[in-house]
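Trainee: Have a look at this one before I ask anything.
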Amino acid sequence: MSNVNNVKIHKYDTVIVGAGGAGMRAAIEATKRSRTAVLTKLYPTRSHTGAAQGGMAAALANVEEDNWEWHTFDTIKGGDYLVDQDAAEILAKEAIDSVLDLEKMGLPFNRTPNGTIDQRRFGGHSRNHGEAPVRRSCYAADRTGHMILQTLYQNCVKEGVEFFNEFYVLDLLLNEVDGIKKTAGVVAYELATGDVHVFQAKAVVFASGGNGKFFKVTSNAHTLTGDGQAAAFRRGLPLEDMEFFQFHPTGIWKMGILLTEGARGEGGILRNKDGERFMEKYAPVMKDLASRDVVSRAIYTEIREGRGCGPEGDHVYLDLTHLPPEQLDAKLPDITEFARTYLGIEPYTDPVPIQPTAHYAMGGIPTNVRGQVLADNETPVPGLYAAGEVACVSVHGANRLGTNSLLDINVFGRRAGIAAAEYADTAEYVELPEEPAKFVLDEIENLRDATGNERVFEIRKALQECMDKNVMVFRTEQTLKEAVEEIGALRKRFRDISVQDKGKRFNTDLLEALELGNLLDLAEVTAVSALARKESRGGHYREDFPNRDDVNFMRHTMAYREVGDDGTESIRLDYKPVVQTRYQPMERKY
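Letter 264 of the sequence shown, counting from 1, is numbered 264 in our numbering, and no numbers are missing.
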């Protein structure tokens, strides 16, 4: 490590940004092949992968007949045919080894009586191309993500992975070599000291998670502010399919805390105020286990038509009362405890109030199946990779199937880690740009010295209320235009903020301001992309265009940041074709 103008400079072959499931899976592979550093804004085991509950899909066929082709079809159908089918095939094929790898690493999956990994039903997963639900989800009670995170962390420690905890990556360094933009490293802010560090690297892997905190009712942790997406976007790289955001059907009413789909996989039923099992009307075959976008819209349709529960009629019930208490204790211990803790409800005897909650970004930094980040529709950026929720392969298309995210982080985290380390093995270091930390130092100083009248929390609250009101489950041209306008006004207000903490050590006030800047950028991209997509597909539902339009919109949205000569910023939209192999688009029924 060297020190230039109070900026510490480190040199590694591979740098991984984020220490959730994708980041640590990549780190396990990269460390075996190259000198690797992992930069994470949280202690690794606090990453949001730990909040995932229900399971990880793989066609092991331990409990029922199953095969990877059925899993591929379900993934493509679930994504409303916007899925790149080559990526879906890789996901489903490599799922089996991914689960077995975790088992060998020590993950304590639930077991069948004969000792194999147990599996349960999950939304959108079916046998024989939609015939009936199938048991495909491999699980560890209702804390599968927590178990994956702990297992991966233990294996990172075993492999000697170097972690830089509470290092907040604020900028991506790209430098032109022979007319081609190549990766030079990243710039990070150390929370404990306020120091700025430059990490020069041959290869960088972004695995920094999602951006769901621009919604108010969300299952996402406070840290999911789209830092990786925003850093790439600011550096002129595109963001793909940002209009597609998943709303999980069963969040705790008003709080958004997740109640796993595994509850319905174990036999839980959604009911309206009349006690009716309403999903039979919307999805006659899969019922409560239809895909998440279908179930979320059904819940809000019930509420809109006056069949919601409670004095305000603003939620429905998840009914587990018919299930034996011993089954709930063994298979769903966490969510039953959540109901008791947050709502004061005993799920053995009373139904649990739920509403859809903002859960997962299908869009993100575009990559190919090797995890290489794309500078346009086809050209990879040498040395830059991404995996997990920050990335868009696109294996989830317009709507992700439950249990495919824990699978995605393992399959594509592993692929990105191997590809990055192999690239670093043969590549030379790219020279750092002149004054590599200038952008970050200026941004931090400007925020520290600012004397504006606006407060970060007030703008963030206004942004979240705007997104909940205008860009949630149901969208129209009017609501989306309102969102674009309001976000623009909030961006102007953001220029007039001040942070009250002027110190260097553990300045969370400063970090929240930086995170809000990221959220405002990404919220605008989401709303602009949604306004331009005049159709309904997966998680993007336009009431003014209720049908899917394969003629005009069977394509991925690619959003670019443009800066005019006068410094004004705008968003330019382009489009990328969907990769189709064996499955032709057809109407989606459950």
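Yeah, the Cβ is synthetic: ideal placement off N, Cα and C, and Gly gets one too.
Classify E204: buried if its beta carbon has 16 or more other beta carbons within 10 angstroms, exposed otherwise.
Mentor: The sequence as given places Val at residue 204; Glu does not occur at that position. With 16 or more Cβ atoms within 10 Å of its Cβ, V204 is classed as buried.
Trainee: Just the Cα atoms here: how many angstroms apart are R135 and A184?
Mentor: Taking the straight line joining both Cα atoms gives about 45 Å.
Trainee: Taking the alpha-carbon positions, what's the A489 to R495 distance?
Mentor: Distance between the alpha carbons of A489 and R495 is about 10 Å.
Trainee: To the nearest angstrom, how far is it from the Cα of A427 to the Cα of V395?
Mentor: 29 Å
Trainee: Using the Cβ count rule (16 or more neighbours within 10 Å means buried), how would you classify A437?
Mentor: buried
Trainee: Out of L323, T301, L107 and G517, state which residue places its alpha-carbon closest to the alpha-carbon of F233.
Mentor: G517
Trainee: Does DSSP classify M362 as helix, strand or coil?
Mentor: coil
Trainee: Using the beta-carbon count (16 or more within 10 Å), is H197 buried or exposed?
Mentor: By the C-beta density criterion, H197 is buried, having at least 16 other C-beta atoms within 10 angstroms.
Trainee: Closest by CA to F164, which one among L258, T40, A559 and P353?
Mentor: T40
Trainee: So what's E29 in DSSP terms, helix, strand or just coil?
Mentor: helix
Trainee: Along the chain, where does the beta strand (DSSP E) containing C138 start, and where does it finish?
Mentor: A132 to C138
Trainee: Give me the residue from P382, F109, T260 and K158 with the minimum Cα distance to A140.
Mentor: F109
Trainee: Mark E94 as exposed unless 16 or more other C-beta atoms lie within 10 angstroms of its C-beta, in which case mark it buried.
Mentor: buried
Trainee: Where E486 and L510 are concerned, what is the direct C-alpha to C-alpha distance, given to the nearest angstrom?
Mentor: 24 Å
Trainee: In this structure, what does DSSP give as the bridge partners for R533?
Mentor: In the DSSP output, where bridge partners are listed per residue, R533 has none listed.
Trainee: Which residues in the same chain as T321 place their Cβ atom closer than 8 Å to its Cβ, once the five residues preceding and following it in sequence are excluded?
Mentor: P347, Y348, T349, D350 and P351
Trainee: Note down, in chain order, each residue of its chain lying with its Cβ closer than 6 Å to the Cβ of D319, except the 5 sequence neighbours on either side.
Mentor: I269, R271 and P351
Trainee: Who are the near neighbours of Q580 in its chain, counting only those whose CB is closer than 6 Å to its CB and skipping five residues on each side?
Mentor: Closer than 6 Å at Cβ, skipping near neighbours: Q85.
Trainee: Which runs of the alpha helix (DSSP H), 4 residues or longer, sit entirely within the stretch 509-570?
Mentor: 550-553
Trainee: Residues in the same chain with beta-carbon distance under 8 Å from Q372, minus the five sequence neighbours each way, listed in chain order, please.
Mentor: P380, V381, L384, Y385 and A419
Trainee: Determine the extent of the beta strand (DSSP E) in which I16 is found, giving its start and end residues.
Mentor: V7 to V17
Trainee: Could you please give the first and the last residue of the uninterrupted beta strand (DSSP E) stretch that includes R271?
Mentor: I269 to R271
Trainee: Quick check on this structure: which residue in F206, D501 and K504 has the alpha carbon closest to the alpha carbon of V390?
Mentor: F206
Trainee: Give the DSSP-derived three-state secondary structure of I444 in the structure shown.
Mentor: helix
Trainee: By how many angstroms is the C-alpha of T36 removed from the C-alpha of C156?
Mentor: 11 Å
Trainee: When the Cα of G55 is compared with those of D468, T260, A132 and I96, which residue comes out closest?
Mentor: T260
Trainee: Quick check on the DSSP output: the beta strand (DSSP E) that includes G124 runs from which residue to which?
Mentor: Q119 to R127
Trainee: Tell whether a beta-carbon distance below 9 Å holds between F73 and G145.
Mentor: no
Trainee: What separation, rounded to the nearest whole angstrom, lies between the Cα atoms of G256 and L172?
Mentor: 32 Å
Trainee: Return the CA-CA distance between E89 and T75, expressed in angstroms with no decimal places.
Mentor: 9 Å
Trainee: Contact defined as beta carbons within less than 8 Å: I believe I345 pairs with G251. What is the distance between those atoms, to the nearest angstrom?
Mentor: Contact flag wrong, Cβ pair sits at about 15 Å.
Trainee: Assign Y43 to buried or exposed, taking buried as 16 or more other Cβ atoms, counted over all protein chains shown, within 10 Å of its Cβ.
Mentor: exposed
Trainee: Can you check DSSP and say which residues form a bridge with P577?
Mentor: R555
Trainee: Tell me, to the nearest whole angstrom, how far the beta carbon of L441 is from that of F214; I am working on the premise that it is less than 8 Å.
Mentor: L441 to F214, Cβ: 27 Å. No contact.
Trainee: Whose CA, out of D574, M279, G115 and R448, lies closest to the CA of S498?
Mentor: R448
Trainee: Could you check where the alpha helix (DSSP H) with G488 kicks off and where it finishes?
Mentor: E477 to F494
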